[in-house]
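A.B. asks:
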Amino acid sequence: LPASTGFIIGALGLMAFVGWQWRGRMRRQALGLQSPASTAVVGRQALTAIIVLGAIWLLNDYRGVPTPVLLLTLLLLGGMFMATRTAFGRRIYAIGGNLEAARLSGINVERTKLAVFAINGLMVAIAGLILSSRLGAGSPSAGNIAELDAIAACVIGGTSLAGGVGSVAGAVMGAFIMASLDNGMSMMDVPTFWQYIVKGAILLLAVWMDSATKRRS
1 LPASTGFIIG
11 ALGLMAFVGW
21 QWRGRMRRQA
31 LGLQSPASTA
41 VVGRQALTAI
51 IVLGAIWLLN
61 DYRGVPTPVL
71 LLTLLLLGGM
81 FMATRTAFGR
91 RIYAIGGNLE
101 AARLSGINVE
111 RTKLAVFAIN
121 GLMVAIAGLI
131 LSSRLGAGSP
141 SAGNIAELDA
151 IAACVIGGTS
161 LAGGVGSVAG
171 AVMGAFIMAS
181 LDNGMSMMDV
191 PTFWQYIVKG
201 AILLLAVWMD
211 SATKRRS
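Each residue of the sequence shown is one higher than the last, beginning at 1 in full-length UniProt numbering.
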C-alpha cells in the first residue's frame, strides 16, 4: 500500500479503537460496574498508537504496508468480535468447555462444529491464496507440516487443548512467535529435521505447562 494510505488506515483504526475503549468504559460506569481509571485507559491507548504508527512507519520505510498485513488485521478484528461479542462465539466456548453440558443447554453442537470447520476451511483457503501469490506458483505440498505450526501457535497463545480456553489475539501472537522462530532458524541454516524437533519440543513444553496449570487450579 502507498505510505499515505497506510497511515490513513492506521489512523482510522486507532480512532475506532479509542472510541470502542471509551464506549466500553462509559457503559460499565452506567451499569455501576468497576471500570479502569482514565489514566490507565489513556496510557493503553497511547501505547497502542505508538506501536501501530511505529510499525506502519517501519513498513513504509521498506515498501509500504503489505496487503496481507491489512487482511490479517481485518480478520483478527472480525475474529475477536465474533468470539467475544456474539452468541455464536459463546457457543463455541461452551462446546469446548463441556460438550455434553452445551448440548443439554440447547446448543446445536453439530451445526456449530460444522460452522467452525467451514470458517477454518475459509481461513486455510485465504492463506493458500496468499502463499501462492508470494511464491508465484502452486504446489500440493506447499502447506506440508503447517498444521504443526498452527497447533503450536494456538497452544503458545494460551489455547488449551482440553477446550474452553483461548483467544484469537493469543493465537495470532503465538503465530508471530512461531514465525520469528522459523525465520531465525532458517537464517542460521538449521537443518530442517532439527527445526521440526525444536518446534515439537516447544509444543510439548506448552502442552505440559497447560496441563500443570490445570492440575494446580
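Glycine included, C-beta positions come from ideal geometry on N, C-alpha and C.
Threshold first: 3 residues or longer. Then list the beta strand (DSSP E) segments lying entirely within the region 74–109, N to C.
C.D. replies: With a minimum length of 3 residues, no continuous beta strand (DSSP E) run stays inside the region 74–109.
A.B. asks: Taking all protein chains shown into account, decide if Leu58 is buried (16 or more other Cβ within 10 angstroms of its Cβ) or exposed.
C.D. replies: With fewer than 16 Cβ atoms within 10 Å of its Cβ, Leu58 is classed as exposed.
A.B. asks: Taking DSSP as the reference, what is the three-state secondary structure of residue 253?
C.D. replies: Residue 253 falls outside the range modelled here, since the chain spans only 1 to 217, and no answer is possible.
A.B. asks: Is Gln34 helix, strand or coil by DSSP?
C.D. replies: Looking at Gln34 - three-state DSSP - the assignment turns out to be coil, as it is neither helix nor strand.
A.B. asks: So, for Leu75: in the same chain, excluding its five sequence neighbours on each side, which residues have a beta-carbon less than 8 Å away from its beta-carbon?
C.D. replies: Answer for Leu75: Met123 and Ile126, listed in chain order.
A.B. asks: Does Leu161 come out as helix, strand or coil in the three-state DSSP assignment?
C.D. replies: If DSSP states are grouped into helix, strand and coil, Leu161 belongs with coil.
A.B. asks: If you check the beta carbons only, do Ile50 and Gly6 fall under 8 Å apart?
C.D. replies: Result no, Cβ atoms of Ile50 and Gly6 do not sit closer than 8 Å.
A.B. asks: Answer yes or no: do Tyr93 and Gly24 have a C-beta to C-beta separation smaller than 8 Å?
C.D. replies: No, the pair does not count as a contact, with Cβ atoms beyond the cut-off.
A.B. asks: Taking Met185 and Val198 to be in contact with their CB atoms under 8 Å, please state how far apart those CB atoms are, rounded to whole angstroms.
C.D. replies: With a Cβ gap of about 7 Å, Met185 and Val198 count as contacting.
A.B. asks: From this set, Trp208, Ser141, Ile119 and Ser133, which residue's C-alpha is nearest Pro68's C-alpha?
C.D. replies: With distances taken between Cα atoms, Pro68 lies closest to Ser133.
A.B. asks: Given Gly96, which residues of its chain have a CB within under 7 Å of its CB, disregarding the five upstream and five downstream residues?
C.D. replies: Closer than 7 Å at Cβ, skipping near neighbours: Gly163 and Gly164.
A.B. asks: Of the residues Asn120, Pro36, Arg90 and Leu203, which one's Cα is nearest the Cα of Ile107?
C.D. replies: Comparing Cα-Cα distances from Ile107 to each of Asn120, Pro36, Arg90 and Leu203, the minimum goes to Arg90.
A.B. asks: Could you give the first and the last residue of the continuous alpha helix (DSSP H) run that contains Ile177?
C.D. replies: Here the alpha helix (DSSP H) through Ile177 covers Val168 to Met187.
A.B. asks: Do Val155 and Ala206 have their C-beta atoms closer together than 8 Å?
C.D. replies: Result yes, Cβ atoms of Val155 and Ala206 sit closer than 8 Å.
A.B. asks: Can you tell me which of Leu104, Ile130, Phe88 and Ala101 puts its alpha carbon nearest to the alpha carbon of Leu114?
C.D. replies: The option with the nearest alpha carbon to Leu114 is Phe88.
A.B. asks: Assuming Leu53 and Gly13 form a contact by the criterion Cβ under 8 Å, report the distance between their Cβ atoms to the nearest whole angstrom.
C.D. replies: Actually they are not in contact, since the Cβ atoms of Leu53 and Gly13 sit about 10 Å apart, beyond 8 Å.
A.B. asks: What's the C-alpha gap between Arg216 and Ser160?
C.D. replies: Straight-line Cα distance between these residues: approximately 15 Å.
A.B. asks: Determine the DSSP secondary structure at Ile145, reduced to helix, strand or coil.
C.D. replies: Three-state DSSP puts Ile145 in coil, outside helix and strand.
A.B. asks: Could you check which residue in Ser180, Gly174 and Gly158 has the C-alpha nearest to that of Asp210?
C.D. replies: Residue Gly158 is the option with its Cα nearest to Asp210.
A.B. asks: Please classify Met178: is it buried, with 16 or more other beta-carbons within 10 angstroms of its beta-carbon, or exposed?
C.D. replies: The residue in question, Met178, is buried, as its Cβ has 16 or more Cβ neighbours within 10 Å.
A.B. asks: By alpha-carbon positions, which one of Arg44, Ala142, Ile8 and Ile119 ends up nearest to Ala83?
C.D. replies: When only C-alpha atoms are compared, the closest one is Ile119.
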